[in-house]
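If you're matching positions, the sequence shown starts at 268 in the numbering used here and goes up one per residue. For reference, the structure is listed below as C-alpha cells.
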Amino acid sequence: MTEGGRVPWSGTGADPAAEVVALASELIAIDTTNLGDPDVPGTERAAAEYVAAKLAEAGYEPTFLESGGRGRGNVIARLPGADPSRGALLVHGHLDVVPADASEWTVHPFSGEVADGYVWGRGAVDMKGMVAMTLAVARRLRREGVVPPRDLVFAFLADEEAGGILGARWLVEHRPDLFEGVTEAISEVGGFSVALPGRRTGAGTSADPVRAYLVETAEKGSMWLRLTARGTAGHGAMLHDDNAIVKLAAAVARLDAHRFPLILTDPVREFLEGVADLTGVPFDENDPRAAVDRLGNLSRLIGAALRDTANVTLFNAGYRSNVVPSVAEATVDARFLPGREAAMARELVTVLGPDVEAVWDTLPGVSTSFDGALVDAMARAIAGEDPGARLLPYMLSAGTDAKSFARLGIRHFGFAPLRLPPDLDFTALFHGVDERVPVDALEFGARVLDRLLRDC
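Structure follows, in C-alpha cells:
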C-alpha cells in the first residue's frame, strides 16, 4: 500500500520531516556570513552551538571545536553502526553562507521566513536546508535507538564558502581522528530533481515528463587568481600612456572574451547518455553543446562542466577622481576540468598578457565512479518516496568540502535530496537573490535521507 505514490515511511517514531522546516528556518535566521577574509573572526560559532545543543538534546555527545580561527565553529557526532568492520559514512554540511544585500530581497535574507510554500533566506539551498535535514534525521535515529548498518559520522562545518581552509581542510590536517574509518561521504550539491521531456510516441507526441535526480560524482578544480597591473601615477588632467587601470581592464576584457577548449569528460558523457536514454533523443559526442542546450535552465549547470571557466569577480583601483593610480587589482574565479590545471594556467598567462602579474591558489578536482552499494541505497531511498524516478550522475562546476575530505581517501557523492517543482530555476538560487527552498522538498528530503541512513 502506498501513500501519495510513495512507500510508507519505515521508521518506528514520528516522520523525520516533522521538524525539518523549523530547523531550517532557525538556522537561516543565524547570520553566518563568510566574507572570505581569514583575518576576520568567523561567524559560524552561534550556528554550531545551536546544532550541538540539538544533537545533545537527542542523546549525542557532540564534539565542538573551532578550526583555524576565532568563531569558526564545527560540530562532529558519531552514531555507531552494526558492523564496525565496514567503512563509516560521513554526512557533512557547511554552516557558513555568502553575503546578501537585504535591499535586493523580497524578504530579509536572514529572516528564515516561511511563506508561500517556501523557506526563504540566505543558505536555504546552500546549504542550511541540507543541514536541517541531516540534523532532523540524526536526532530521530538517536532517539529511536536505531543502529544503522555502518557507523555514521555527522559533521557541521565552517568556512566552506571560502574553500574550507579554516574548516574542513583544517580538521583534516589537525583532527583526522574525528573521521577515523570513514570511506564514503554525502553532502552538497546533488540529489535534487530535474524534469526531462518524456519519450516521443509513434504519433509524434511526447509522453509525460520524466523525473531524474542528479548525483554529483565529480567536481571541477578551483583556481583563485589575484591580478595586478602597474603603471605610472599622475594627475588625471594630464596625458597618460602608462595607466594601470587601462592595462588591467584590457586584460580582463580579453579573458572574458576567451573560450577555453570544449572537452567531453567521462562524468558529463555519462550524464548525457542517461538523458538520451530517458528522453529517446540521442546526443552527438562531437557536439555535446547541442545536447546541453536542450536542458533548459539546467544547461547553465551542465554547460559549465564542458570547459574551463574564468570569471572576474572583483576589481579594485584608484583612490581619487583626479589621480591616475599606479596599481590596479582584480580577482578571478577560475574552474578547471580534471587534469587541466597546468594547461589552464598556461592559457591564462597567455590571454592576460605581459602587462599583468598573476598569482593564484588552487584546490584540485575530485571524482568517483557511479557505482557501489551506497549508490544502490540512494536509488532505493529515492524510489521509496518517488517510485519510477531515476538517478543520473553529473559533474559539478563549483567546489565543495569534498576537496578536503578527498585528502583522507574518502569517496564523495553530492546527495542532498529535494523533489522540486519543474518550473523552479533551482540552480539560479545558489548565491542568488531570494534564495528559497520548497517546504515539501525539505520534508521529502528528510524522508529520503532517513531511508538512506537506515539502509546504507
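From the three backbone atoms N, C-alpha and C, an ideal C-beta is built for every residue, glycine too. Here the structure is a predicted model, which is why all the values come from computation and not from measurement.
Counting only unbroken stretches of 3 or more residues, the beta strand (DSSP E) elements lying wholly within the segment 280-334 are 330-333, in sequence order. Taking Ala500 as the centre and dropping the five residues before and after it, the same chain places the C-beta of Val590, Val591, Pro592, Ser593 closer than 8 Å to its C-beta, in chain order. In this structure, DSSP gives Arg417 a state outside helix and strand, which the three-state scheme calls coil.
Selection Thr532, Arg678, Val287, Phe550 evaluated against Tyr385 yields Val287 as nearest (Cα-Cα).
Under DSSP, Ile569 takes part in no beta bridge, so it has no partner.
The continuous alpha helix (DSSP H) containing Trp437 extends over residues 435-441. Distance from the Cα of Thr300 is smallest, within the candidate group Ile512, Ala313, Ala289, for Ala313. Between the alpha carbons of Val513 and Thr617 lies a distance of about 18 Å.
Rounded to the nearest angstrom, the gap between the Cα atoms of Leu302 and Glu428 is 9 Å. Nearest to Asp383 by alpha-carbon distance, out of Ala713, Asp707, Cys723, is Asp707. Secondary structure of Ile512 (DSSP, three-state): helix. With respect to the C-alpha of Ser664, the residue from Met490, Ala403, Ala625 having the closest C-alpha is Met490.
With fewer than 16 other beta carbons inside 10 angstroms of its own, Thr580 counts as exposed.
The residue from Lys321, Arg389, Arg353 with its alpha-carbon nearest to that of Ala369 is Arg389.
The beta strand (DSSP E) runs of length 3 or more contained entirely in the segment 544-611 are, from start to end of the chain, 576-584, 594-603. In this structure, Ala601 and Met611 form a Cβ contact; the two beta carbons are roughly 7 Å apart against a cut-off of 8 Å.
In the three-state scheme derived from DSSP, where H, G and I count as helix and E and B as strand, Thr450 is classed as strand.
For Thr484, the three-state secondary structure derived from DSSP is strand. Excluding residues up to 5 positions away in sequence, Val548 lie with their Cβ nearer than 8 Å to the Cβ of Arg561 in the same chain. The beta carbon of Ala650 is closer than 6 Å to none in its chain, skipping five residues each way along the sequence. Beta-bridge analysis with DSSP links Arg703 to Trp387.
Gly699 and Lys487 do not touch by the CB rule: their CB atoms are close to 20 Å apart, not below 8 Å. Put simply, the segment 503-522 does not touch the segment 550-558. Fewer than three CB pairs are less than 8 Å apart. Per DSSP, Met505 lies in no alpha helix (DSSP H) segment and is marked neither H nor E. Under a 10 Å Cβ-count criterion, Gly498 is classified as buried, with 16 or more other Cβ atoms of the shown protein chains found around its own Cβ. By the Cβ test, the segment 358-368 is in contact with the segment 410-425, since at least three Cβ pairs between them sit closer than 8 Å. Look at the beta carbons and you see the segment 474-486 touching the segment 656-670: at least three pairs across the two are nearer than 8 Å. A Cβ-Cβ separation of about 7 Å places Ala518 in contact with Ala496 under the 8 Å criterion. Going by C-alpha positions, Glu455 is about 45 Å away from Ser588. Leaving aside the five residues that flank Phe377 on each side, the residues in its chain whose CB is nearer than 7 Å to its CB run, in chain order, Ile295, Ala296, Asp298, Gly388, Arg389. For Ile649, the enclosing alpha helix (DSSP H) covers residues 640-652. Ala403 carries a helical assignment under DSSP once its states are collapsed to helix, strand and coil. Phe527 has its alpha-carbon roughly 16 Å from the corresponding atom of Ile569. In this structure, DSSP gives Gly541 a helical state, which the three-state scheme calls helix. Rounded to whole angstroms, the separation of the alpha carbons of Pro464 and Leu494 is 44 Å.
Counting only the Cα atoms, His525 lies some 50 Å from Leu346.
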